[in-house]
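The numbering of the sequence shown is my numbering, which starts it at 2 and goes up by one.
All C-beta atoms in this analysis are idealised placements derived from N, C-alpha and C, irrespective of residue type, glycine included.
For reference, the structure is listed below as C-alpha cells.
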Amino acid sequence: MNKLNGDGCSLFCKQEVSFNCIDEPSRCYFHDGDGVCEEFEQKTSIKDCGVYTPQGFLDQWASNASVSHQDHQCPGWVIIGQPAASQVCRTKVIDLSEGISQHAWYPCTISYPYSQLAQTTFWLRAYFSQPMVAAAVIVHLVTDGTYYGDQRQETISVQLLDTKDQSHDLGLHVLSCRNNPLIIPVAHDLSQPFYHSQAVRVSFSSPLVAISGVALRSFDNFDPVTLSSCQRGETYSSAEQSCVHFACEATDCPELAVENASLNCSSSDRSHGAQCTVSCRTGYVLQIRRDDELIKSQTGPRVTVTCTEGKWNKQVACEPVDCGVPEQHHVYAASFSCPEGTTFGSKCSFQCRYPAQLKGTEALWLGLPRPRPRFLGGKSRGCFQALRLGLKHPTLGGFYLGS
Numbered sequence: 002m003n004k005l006n007g008d009g010c011s012l013f014c015k016q017e018v019s020f021n022c023i024d025e026p027s028r029c030y031f032h033d034g035d036g037v038c039e040e041f042e043q044k045t046s047i048k049d050c051g052v053y054t055p056q057g058f059l060d061q062w063a064s065n066a067s068v069s070h071q072d073h074q075c076p077g078w079v080i081i082g083q084p085a086a087s088q089v090c091r092t093k094v095i096d097l098s099e100g101i102s103q104h105a106w107y108p109c110t111i112s113y114p115y116s117q118l119a120q121t122t123f124w125l126r127a128y129f130s131q132p133m134v135a136a137a138v139i140v141h142l143v144t145d146g147t148y149y150g151d152q153r154q155e156t157i158s159v160q161l162l163d164t165k166d167q168s169h170d171l172g173l174h175v176l177s178c179r180n181n182p183l184i185i186p187v188a189h190d191l192s193q194p195f196y197h198s199q200a201v202r203v204s205f206s207s208p209l210v211a212i213s214g215v216a217l218r219s220f221d222n223f224d225p226v227t228l229s230s231c232q233r234g235e236t237y238s239s240a241e242q243s244c245v246h247f248a249c250e251a252t253d254c255p256e257l258a259v260e261n262a263s264l265n266c267s268s269s270d271r272s273h274g275a276q277c278t279v280s281c282r283t284g285y286v287l288q289i290r291r292d293d294e295l296i297k298s299q300t301g302p303r304v305t306v307t308c309t310e311g312k313w314n315k316q317v318a319c320e321p322v323d324c325g326v327p328e329q330h331h332v333y334a335a336s337f338s339c340p341e342g343t344t345f346g347s348k349c350s351f352q353c354r355y356p357a358q359l360k361g362t363e364a365l366w367l368g369l370p371r372p373r374p375r376f377l378g379g380k381s382r383g384c385f386q387a388l389r390l391g392l393k394h395p396t397l398g399g400f401y402l403g404s
C-alpha cells in the first residue's frame, strides 16, 4: 500500500485522476494544466489542449451573442469565441466574483439573497457566422449553478434556431462540472428535411450559472441540406460543399501494345469489359505484372487481359528466353564468349583451346533450330540454330561435328 493520496498513486496503488505515471518504479506527475498537450490528454484536458473536436467534425464557436440581462459589468459578448482554457468549472459557490464576468456571462444584475429570488428565466442566444446542420451543441461552464449548502442540481433548456427562425427543442439537461463542457447531441428526424442552424438559445433559472462559450458542432466537409438539393445530373462536392454537374462517360483503355507478341481481341474497341489474348512469339516468355509487381513468369501459351474502368487488369510483356552460356559438351576443347548476352537472338563465339584446331564456321547463333541440327557424339540443344563446327585433335586421331 501507498502511505498517502495526492502524489499520483492512491493508498490502494491506483493511478489518481489528472496524474500520469511512467516507468517502473512509477514516477507520477500532475499533467492537467502543465501547458503541454500530451496525446493521452487530448480528449480530456481543456487547459492544455483546448476543447476536443472528434475527427470528421467541425466546432464553430459563437460569433455574436445576445442575453436576457445585459449590463456593462456582465456583457454578453464575453461568450464570443472559444472559452479561455484557464477557467476551471466551480461548483457549490456562495457568490460570483467580478473576475468571472471577464470570461463568462451570468446575470450579475440580480440582487441577493438567492433564496428569496422569485422564479426567473435567464437566457442567452449564441449566433454563428456559418449556418450548418448541427450534430451537437457544446456549452462550456465556469459554474454549474449549484449553491453552497443546497444539494439540487440545476438544469438548462436548449433550442436550435434555424435559418427560417423556427425553433427545434433539444430538451432539458442537468449541469455538472464533472461533465464540462456539456455536449448535447442533435438527433434528426429522417422523415423530415434537414435544416441549417444559425443560433442556439440556452435558458436556465439559477443566477449562479456562468457560461463561457457555446459551440455548434457540424459535419466536416458534409452538408446534408445541400446534398439533398442536388438535381439530376449533379453530385455533391465535399471540397466545394456544393452541387456540381457531372456526366458519366465510359472510359476506354489505352491501346494494348506488347512487343514480340500476337494479340487476339474480342472486339475492335477498348471499352470496359473488352478482352484480349496475348501470345508471345516463339523464343519469348510471358511475364505478367499487376501494380508494377511481377506475379509470375510463364513460357506458354497465352494470357487474357481485361479492360476494367479504363485500365488493363494485367501488365504483360514478352521477354526473350535466356539460353545461358553454351555447355562444354557442344564443342569440346573450346572456350565460349557471349559479349551480347545469352538471350534469344544473341551470338556467342568460341576459340579452340590448344592444341585443338578449328575447322568450319567459328560462331554459334542462339535461336530456333532451323534446320534441326544433327550432332555426332552429342545431343542437340534447343538454343542452336545451326552448327557447322569441327575440332581436330592431333593426338586423338580427330573428330568432326557437322550438320
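| Check | Outcome |
| --- | --- |
| N- and C-terminal bounds of the beta strand (DSSP E) containing Lys-348 | 348-353 |
| Terminal residues of the beta strand (DSSP E) in which Val-159 lies | 156-163 |
| Which of helix, strand or coil DSSP assigns to Asp-323 | strand |
| Candidates Val-306, Cys-281 and Phe-247, of which the one nearest Ser-272 by Cα | Val-306 |
| Cβ shell of Glu-17 (< 6 Å), same chain only, five flanking positions each side left out | Gly-9 and Ser-11 |
| Own chain, CB closer than 7 Å to Leu-217, minus 5 neighbours either side, in chain order | Gln-61, Phe-129, Met-133, Ala-135, Val-138, Ser-198 and Val-201 |
| Anticipated Cβ contact below 8 Å, Trp-106 with Gly-82, distance rounded | The Cβ separation is near 13 Å, so there is no contact. |
| C-beta contact flag for His-104 and Gln-120 at 9 Å | no |
| Whole-angstrom distance between Cys-38 and Lys-44, CA atom to CA atom | 10 Å |
| Within 9 Å, strictly: CB atoms of Cys-308 and Ala-335 | no |
| Secondary structure of Gly-100, DSSP reduced to three states | helix |
| Cβ-Cβ distance between Val-187 and Leu-125 below 9 Å | no |
| Per DSSP, cross-strand counterpart(s) of Tyr-285 | Pro-321 |
| Residue range of the unbroken alpha helix (DSSP H) whose run includes Cys-227 | The amino acid at residue 227 is misidentified as Cys; the sequence shows Thr. Per DSSP, Thr-227 belongs to the alpha helix (DSSP H) from 225-229. |
| Inter-stretch contact (C-beta, 8 Å, three-pair minimum) for the stretch 216-232 and the stretch 51-61 | yes |
| Helix, strand or coil at Phe-400 according to DSSP, with G and I counted as helix | At Phe-400 the pLDDT is 31, less than 50, meaning the model places this residue with poor confidence and gives no usable figure here. |
| Coarse secondary structure for Asn-65, derived from DSSP in three states | strand |
| Delimiting residues of the beta strand (DSSP E) encompassing Ile-184 | 183-186 |
| Separation of Gly-311 from Lys-348, as counted between CA atoms | 41 Å |
| Spatially closest choice to Val-259 from Ser-69, Pro-321, Val-210 and Gln-232, by CA coordinates | Pro-321 |
| The beta strand (DSSP E) enclosing Asp-221, as first and last residue numbers | Per DSSP, Asp-221 belongs to no beta strand (DSSP E) and is neither H nor E. |
| Interface flag, Phe-129 vs chain D, CB-CB below 9 Å | In summary, chain D is missing from the structure at hand, where a single protein chain is found. |
| Where the beta strand (DSSP E) containing Asp-145 begins and where it ends | 135-145 |
| Sequence-distant residues of the same chain with beta carbon closer than 7 Å to Cys-50, five excluded per side | Cys-38, Glu-42 and Gln-43 |
| CA-to-CA distance, Cys-249 to Gln-167, given in whole angstroms | 39 Å |
| At least 3 beta-carbon pairs within less than 8 Å: the stretch 175-195 vs the stretch 144-160 | yes |
| Close Cβ partners of Ser-46 (< 6 Å) along its chain, the five nearest in sequence each way excluded | Asp-33 |
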